[in-house]
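One structure below.
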Amino acid sequence: MSDTPAIELRKINKSFGPVHANKDIDLVVKKGSIHGIIGENGAGKSTLMSILYGFYAADDGDILINGEKVTISDSKAAIGMGIGMVHQHFMLVDNFSVLENVVLGAEDSALLAGGLSRARTTLKHLEDEYELRVDPDALIQDLPVGLQQRVEILKALYRSAEVLILDEPTGVLTPAEADHLFKILEVLKNEGKTVLLITHKLREIMKVTDTVSVMRRGEMVATRETAKTSMEELAELMVGRSVLLRVDKDPATPEAPVMEVENLTVTDSRGVQVVKDVSFTVRAGEIVGIAGVSGNGQSELLETLCGIRRATSGTLKINGETIDLGTSRLDAADMRAKSMGHVPEDRHRMGLINSFYEYENSILGYHRDPAYSKGVLMDLGAIKKNAVAEIEKYDIRPPNPMLKTANFSGGNQQKIVLAREIERDPEVLLVGQPTRGVDIGAIEFIHRRLVEMRDAGKGVLLVSVELDEIRALSDRVLVMFDGKIVGERGANAEEGELGLLMAGVEDNQTAAAGGAQ
Amino acid sequence: MFEVLILTLDSTVRLSTPLLLACLAGLYSERSGVVDIGLEGKMLGAAFGAGAVAYITANAWLGLMAGIAVSVALGLLHGFASITNRGNQIVSGVAINFLAAGLTALLGQTWFQQGGRTPSLPDGGRFKDVVWPFAEQIREVPFIGPLYGELISGHNLLVYSAFLAVPLTWWVLFRSRFGLRLRAVGESPAAVDTAGISVTWLRYRAVIACGILCGFAGAYLSIAQGSGFGVNMTAGKGFIALAALIFAKWRPASAMFACLLFGFLDAVSIRMQGQEIPGIGEIPVQFFQALPYILTVILLAGFIGKAIPPKAAGIPYLKERS
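Heads up: the sequence lines are chains A and B, in that order.
Residues 25 to 541 in the numbering used here are what the first sequence lists, from first letter to last.
Residues 45 to 366 in the numbering used here are what the second sequence lists, from first letter to last.
Spelled out as structure tokens, the structure:
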């Protein structure tokens, strides 16, 4: 094999308005290797790969493929140069079959019939060669995410990709599915393909890559041989300083239960039970973490508790009051009135209105509060005063309540939501993915606030798919799998142990303990 | 009685034709993710263009071409607003309806001074009914005679082309590369984009196909079924076609049956005009005119299941900023 790199990027720049997403990026990817690109959310990894795949055009800089300078004007050009990409959000047509998805855009004639049957044969060969089995006639919407991802890989291989880019491929996978994916990547490498793996998870980098490049705030800060580096070094490179992967806190001193959930069952609009007979307690002065791979009922659990989703059955005891969730018709405002604060999982969809001013968002959901109104009108003076106070207390930047919320960074947006919910002084705080898409500085701030909540004698229910976050913050960890709580662990739970529970491996301790109490 | 049935079915076919053409037009557009509430306006514009040109040239074919040209132009306007500039598709469609309603009346009055109508078409300006071989000879044969002579034979070319467009559309949609991409872009434009296909160009082609079929529909009204353009002669047919499209769940064959059903109701309402039904009395014409809408609402509410539109319908495609 020659030493010409499969891909070489020279001084790539890309800006989105005022945001300089990629600054003078240099990158050399060796042929037949697995090259990892690691960095925090928003470090510019996805932008860089989108440039390579022709989705965006770089402002300047050169791209060399197999030593030749090329211009990648669109995805079609990238595909033509043997670059395939598996996007973080799958680019599949849900109601098409696997076969139709694979041939889309690579049909070899204007009529489908011949092309489809030829594709079927080719697909069969690919499946055998790379051990990527999928039923070609299955509809995408019926396949689990792990298989959908396989279809994406097959799509790339069908277009005879030599370089395969995977953008955060394990985000939606269970640990077992992720391991299977890594095996597939090994096979691809042994077949001489080049793999670019984009991730923010150090563990994956250490496990499968040959070389790793680190990005931070739009810049490429280092490239290392994986064998000659360590998780600690990479973590430091990612954030630009040594990071405490732990949160300083004293042991919890839990008191009486503030929230008790009993036999909660939730059925979604498709009629599928997504939360199955879940019971647990949150006491004053503790943080209870709910761990689990995304899509195992945590979101629905949270939505039900905060009043935006109906339960099929179950009861909720909050501050001594018993509510039958199966029959009550309490909405989000009612739940807030019962002293439950809610930091939703997706701040853009549920927590904020991006086109509103900061001060408007700072009272969203509490706008009926007499403190902020004069009769039927809003008391703008009081609202803005409150907004300014929160901005100061939570160090929200830029400190301007008259700015549209969309102009704040992810971390500051999250602080707006957090400030709004915590400052109403709820007895229980429901928090979903508090640090998703948030920079590291804000993460530390948010974590500290949550611990302060706890120390002030409030109950906190934390739902997060980031295992590190769960382990750093929680005094007790409940693991959800397939809608059920499959295990409970203490503050110092082993990562591997939690990982197994999250993957649905039977727990022997839970049976002994008589379920999660 | 049999004769009444045949005559009713015969007019069902005639009345269904513009609905069917417009419905298939909407199908192309909406399957690609571009909601088209402007079918009505395009039909009206096409009817006027066809009527005017057919009158001036005394050539039905040139009239048809003009109708298509007007309709495609309006379609491109819709595309420019909603595909290129990512505007709201409903607003754009409504604007086209207003534009067509006003402009046709205005131009009609300015050019022909007959209150917005176009003058009655000369010979050759209309599509004539095609009499099939032996239709006259076997007219006396019971059952088959009238069936062949009235129902199958004796329609104009546009009627036949409308019904031929049904299998053709099915074939294009499910058996051609264009159809695969069209369906894909209406469901997941991002998947199409990353597969290296231009979302914009694909949607423009869909909008053009929609324009062509609406052109046929409009021309049918003014130079095949009628003999000249009349102010607002579409009278809501574009909206009924849209209802039929939802009713048919965006499927060609179902679209044909939905349009036939609505055409049948129309035919019955015409036949029932002024007729007393024993025990009930005269049924107001408006009742039959409202029936298609009522039926759509009732049947969609529970009898034919959920009509799920193409997932990306109505949403302008914008590359996601990561």
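Idealized CB from N, CA, C, for every residue including glycine.
Where does Pro281/A sit, in a helix, a strand or coil, going by DSSP? strand
Within 10 Å of its beta-carbon, does Pro450/A have 16 or more other beta-carbons around it, so buried, or fewer, so exposed? buried
For Asp527/A, the three-state DSSP class (helix, strand or coil): One detail in the question is off: residue 527/A reads as Ala in this sequence, not Asp. Coil at Ala527/A, not helix or strand.
Three-state secondary structure (DSSP) of Glu210/A: helix
Under 7 Å by beta carbon: chain B residues contacting Phe469/A: What Phe469/A touches in chain B: nothing, since even the nearest Cβ is about 24 Å away.
Within-9 Å CB hit, Thr244/B to chain A: no
Thinking C-beta only, is Ala139/B closer than 9 Å to Gly111/B? no
Closest by C-alpha distance to Ala308/A, when choosing among Glu476/A, Val503/A, Leu181/A and Lys93/A: Glu476/A
Please name the residue, chosen from Leu195/B, Val236/B and Leu88/B, that lies closest to Phe283/B on a Cα-to-Cα basis. Leu88/B
Would you mind telling me which residues of chain B sit closer than 9 Å to Asn599/A, beta carbon to beta carbon, in chain order? Residue 599/A lies beyond the stretch modelled for chain A, which goes from 25 to 541, so this question has no answer here.
Taking C-beta pairs closer than 9 Å, name the residues in chain B that Lys100/A reaches, listed in chain order. Ala239, Gly240, Ile241 and Ser242
Short check: CB of Gly230/B to CB of Lys355/B, under 9 Å? yes
Closer than 9 Å, CB to CB, is Lys231/A near chain B or not? no
Please name the residue in Lys363/B, Gly318/B, Met45/B and Pro322/B whose C-alpha comes closest to that of Pro328/B. Gly318/B
Range of the contiguous beta strand (DSSP E) that encloses Phe505/A: Arg500 to Phe505
Locate the alpha helix (DSSP H) running through Asp310/B, then write down its first and last residues. Pro296 to Met316
Runs of 3 residues minimum, wholly inside the segment 96 to 122 of chain A: which ones carry the beta strand (DSSP E) assignment? 107 to 110
Indicate whether the contact test is met: 3 or more Cβ pairs, each with one atom in the segment 420 to 432 of chain A and one in the segment 379 to 387 of chain A, closer than 8 Å. yes
Range of the contiguous alpha helix (DSSP H) that encloses Phe218/B: Leu201 to Arg219
Does the beta carbon of His111/A sit closer than 9 Å to a beta carbon anywhere in chain B? yes
Note down, in chain order, every chain A residue with its Cβ under 7 Å from the Cβ of Leu224/B. Glu124, Leu128, Glu131 and Leu136
List the DSSP bridge partners of Gly255/B. None, per the DSSP bridge assignment.
Nearest-angstrom Cα distance between Ile446/A and Gly365/A? 7 Å
Whose Cβ in chain A lies nearer than 9 Å to the Cβ of Lys363/B? Ser74, Phe79 and Tyr80
In the DSSP assignment, what residue or residues form a beta bridge with Ala179/B? None; Ala179/B has no bridge partner.
Using a beta-carbon distance below 9 Å, is Lys179/A in contact with chain B? yes
Out of curiosity, what's the CA-to-CA distance linking Lys252/A and Val53/A? 17 Å
Between the CA atoms of Gln269/B and Ala145/B - distance to the nearest angstrom: 20 Å
Should Asp98/A and Ser242/B be called a contact, given that it needs their Cβ atoms to be closer than 9 Å? yes
Check whether the segment 381 to 396 of chain A touches the segment 411 to 424 of chain A, taking contact to mean three or more Cβ pairs, one atom from each stretch, closer than 8 Å. yes
Figure out for me which residue from Leu340/A, Ile107/A, Thr291/A and Gly331/A has the closest Cα to the Cα of Gly321/A. Thr291/A
Considering only DSSP beta bridges, list what Asn46/A is partnered with. Lys38/A
From which residue to which residue does the alpha helix (DSSP H) around Ile420/A run? Unbroken run through Ile420/A: none, as it is neither H nor E.
In three-state DSSP terms, what is Ala162/A? coil
Report the rounded CA-to-CA distance for Met109/B versus Lys148/A, giving the unit in angstroms. 48 Å
Within 8 Å, do at least three Cβ pairs link the segment 53 to 65 of chain B to the segment 112 to 132 of chain B? no
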